[in-house]
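The next block holds one structure in the form of structure tokens; read it before the comments.
Numbering (my numbering), first residue to last: 29 to 821.
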């Protein structure tokens, strides 16, 4: 194939991100390919390529001003600094008067035809009748079948080139090479949801991709052939900008003022805290220590857990440092259970607990019977010969089921939850080298086990241990919700975090691991300390302990903890749902109500990521707006732990934040549209109505409290780190990718320097800083050989 064409496709592919399937709906930046550009320039390109809204609408700015989320004095200062003398209202009217009017889609017909072929080919088991020739790949399957498609007119098979490469070379021979990238960008961006899913399949290397391959080259060949066949333009016309640069500038100014208003409030909140790492000694050892995911929803439950007893909480990425895939006992499917940017090194599967081999076999038999029933009912419902009779015969059964789901959602939720817990009471997690199906023992070395456990304590600055240590992963529960995985743990690739939590607890309980940690890493874990896996249900705020193997000596502590966790759940649901009575019942009903559009809010309202000791945030209510990662700079002299946090969790939270930002500013293009008209396609995605582009973001109901009232505030992420500013600067010098995110303004960074009376500084550009707090001390210029720094008031 012509190298210039390949090069142009690779360049053009940067305009599309990755669309994740519903069953592992990972939040990601839809403009990830633009991150090497300044934020404002990236928005300008995305606005043109996707015909999209890229800044918040005027009504959102108005709502933010009315609620005080935008400080009017900060906004006035921004307008003045940019030489704008018009009033706030005049500026808003100007933006509204030139509101972007989207052009009619000139490629609608091609889009519809492509969506039809992609849905047929990429189906993952929803369709009862499979598209012929799928194993031959997308282009070949399409080529054999398109000759029967009346929408594209009469065509002979011999008139269609045998390969996608030949097709592209034939179609592009009349165009200049300088136009190739423009052509490819236009046609990839026309259906960013579908092309993003092709991108995801290619990168993930899923079994579906291996068995039924599709590539961007195949997609472009089919699309350009269709475009020519319909006598439409392959090379797009130059689209006149519909929004003036002056209006774009004003929109950006309002956004920055909104973001600075949030940052100012955050600085005021943190300045008033008594900041010091917890010091545990024999007289003040907590009854239990609990580790939650850094997820914004953990901020709420951590406050309420701490208020119920002598408990200490930590924040750590919810996959608990185990780069693993998890093999489900229920369906045998292996799913990723760590961040997408991390390669899975291990596979975790279930094994019987000691003395419970017979219980496990009985459980497996029940699963087999249940799975067969589900399969049989599906076949009866979908097979043409039996469909009508099946519907008639099963009407009463399904009618009773519908009545129960409608009138008794809370009771059904409680019954289903009891069944779901059975596995954890008879099984224990077993870890192996990834894809090592033959190893039936602990398939990793002692060194690897120690490294996993050590990392958890090093990254969080954790040195002393309570009798009970709980690793609480989190998951969600909702009914009739295609996007349910988006409410599970983002750090676990949209899977529940309980499997990672159970695995870490098992590793930490091993005597040989404890001995190695003490001997080689100066981490002393008392013989009296027992680790337990748990799961926090973010829809109901229930915390379930997987405590079937707890020794008799610790059972009184566990019993007391469980009682206090019930109180914490009651307080948390009252806080979150605003109901003083029956708040737990209300949460359980929302979790299992099949008509509930907002079972919970997920990570909506996220705006900050705080890295530091718990004392930095413990005595304040952050309204679930911040990711919280525990960190003690005194335990990290060289900044290695902090570097890991910035390279991993900071990047992932930026993905989540931008996922919410773009889903909010243009829900039709970057979001999921309204749940009311969703249709599931191929088991992996949703479309609006009966076709069109694959939705790649969050549904409207996950972002707005009503059709016109926002819930999520679309702001870029602000990161606050408590650490010496010189250490943070050195990390940025070593990591150009992190520096690029900051210099291009995809993310804000602030540092609270403990060596300078916790004075706070905001990152500017090229590793320059400005003071933002009212502390008297000023930063001291570090040595030039470490980093080039400048400081200004």
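Ideal placement from N, C-alpha and C gives every residue a C-beta, glycine not left out.
Spatial distance of residue i from residue j (CA atoms)
i, j, result
"residue 453", "residue 693", "45 Å"
"residue 173", "residue 253", "14 Å"
"residue 148", "residue 57", "27 Å"
"residue 815", "residue 500", "Residue placement at residue 815 is flagged as unreliable, the pLDDT there being 40, under the threshold of 50; a coordinate-derived value is accordingly withheld."
"residue 739", "residue 611", "21 Å"
"residue 100", "residue 279", "15 Å"
"residue 475", "residue 38", "41 Å"
"residue 479", "residue 391", "33 Å"
"residue 122", "residue 115", "11 Å"
"residue 286", "residue 776", "13 Å"
"residue 484", "residue 104", "45 Å"
"residue 169", "residue 288", "53 Å"
"residue 467", "residue 238", "Low confidence applies to residue 467: its pLDDT is 43, below 50, so where it sits in the model is not reliable, and the reading given next is rough at best. Near 25 Å, if we compare the C-alpha coordinates of residue 238 and residue 467."
"residue 348", "residue 184", "57 Å"
"residue 628", "residue 516", "11 Å"
"residue 526", "residue 380", "17 Å"
"residue 824", "residue 91", "As displayed, the chain neither begins before 29 nor continues past 821, which places residue 824 out of reach and without an answer."
"residue 334", "residue 787", "28 Å"
"residue 340", "residue 567", "23 Å"
"residue 431", "residue 440", "11 Å"
"residue 232", "residue 351", "15 Å"
"residue 50", "residue 385", "34 Å"
"residue 469", "residue 378", "Annotation note: pLDDT 47 at residue 469 (below 50); position unreliable, coordinate value reported separately. Cα to Cα, the separation comes out at about 11 Å."
"residue 519", "residue 366", "6 Å"
"residue 587", "residue 785", "42 Å"
"residue 497", "residue 318", "6 Å"
With 16 other Cβ atoms within 10 Å as the buried cut-off, status of residue i
i, result
"residue 111", "exposed"
"residue 829", "An answer regarding residue 829 cannot be provided, because it is not within the stretch 29 to 821 covered by the chain."
"residue 705", "exposed"
"residue 546", "exposed"
"residue 548", "exposed"
"residue 450", "exposed"
"residue 630", "buried"
"residue 487", "buried"
"residue 291", "buried"
"residue 458", "buried"
"residue 550", "exposed"
"residue 791", "buried"
"residue 477", "buried"
"residue 235", "exposed"
"residue 830", "Because residue 830 is not part of the residues shown, which for the chain are 29 to 821, the question remains open."
"residue 665", "exposed"
"residue 556", "exposed"
"residue 741", "buried"
"residue 117", "exposed"
Cross-strand partners of residue i (DSSP beta bridge)
i, result
"residue 379", "456"
"residue 355", "362"
"residue 321", "None; residue 321 has no bridge partner."
"residue 499", "319, 561"
"residue 634", "The partner list for residue 634 (beta bridge, DSSP) is empty, contrary to what the question assumes."
"residue 640", "658"
"residue 707", "715"
"residue 343", "320"
"residue 374", "352, 461"
Any chain B beta carbon closer than 8 Å to residue i
i, result
"residue 391", "No chain B appears in the structure shown, which is made up of a single protein chain."
Exercise. Does the segment 203-219 come close enough to the segment 252-267 that 3 or more CB-CB pairs lie under 8 Å?
Worked result: yes
For this session: Would you check if there are 3 or more beta carbon pairs closer than 8 Å linking the segment 701-711 to the segment 586-606?
Result: no
For this session: Kindly provide the ranges of any alpha helix (DSSP H) runs that are 4 or more residues long and lie completely inside the segment 714-796, ordered along the chain.
Result: 753-762, 764-771
For this session: Indicate whether the contact test is met: 3 or more Cβ pairs, each with one atom in the segment 650-663 and one in the segment 311-329, closer than 8 Å.
Result: yes
For this session: Counting only runs of 4+ residues fully inside the segment 551-624, write out the alpha helix (DSSP H) ranges in chain order.
Result: 583-605, 611-620
Exercise. Touch check for the segment 726-745 and the segment 677-695: three-plus C-beta pairs under 8 Å?
Worked result: yes
Problem set entry | Contained alpha helix (DSSP H) runs [length at least 4] in the segment 643-695, N- to C-terminal order | 668-675, 677-693
Problem set entry | Whole runs of the alpha helix (DSSP H) within the segment 202-280, excluding any shorter than 4 residues | 208-217, 220-232, 235-239, 244-257
For this session: Only counting runs of 4 or more residues, tell me where the alpha helix (DSSP H) segments fall wholly within the segment 494-545, in order along the chain.
Result: 526-537
Problem set entry | Entirely enclosed alpha helix (DSSP H) segments - the segment 152-201, minimum 4 residues | 166-173, 192-200
Problem set entry | Meets three-Cβ-pair contact criterion under 8 Å: the segment 621-638 and the segment 492-512 | yes
Exercise. Counting Cβ pairs closer than 8 Å, one from the segment 365-383 and one from the segment 637-645, do we hit at least three?
Worked result: no
For this session: Decide if the segment 75-90 is in contact with the segment 712-728; the criterion is three or more beta carbon pairs, one per stretch, under 8 Å apart.
Result: no
Exercise. Does the segment 324-337 come close enough to the segment 136-144 to have 3 or more Cβ pairs within less than 8 Å?
Worked result: no
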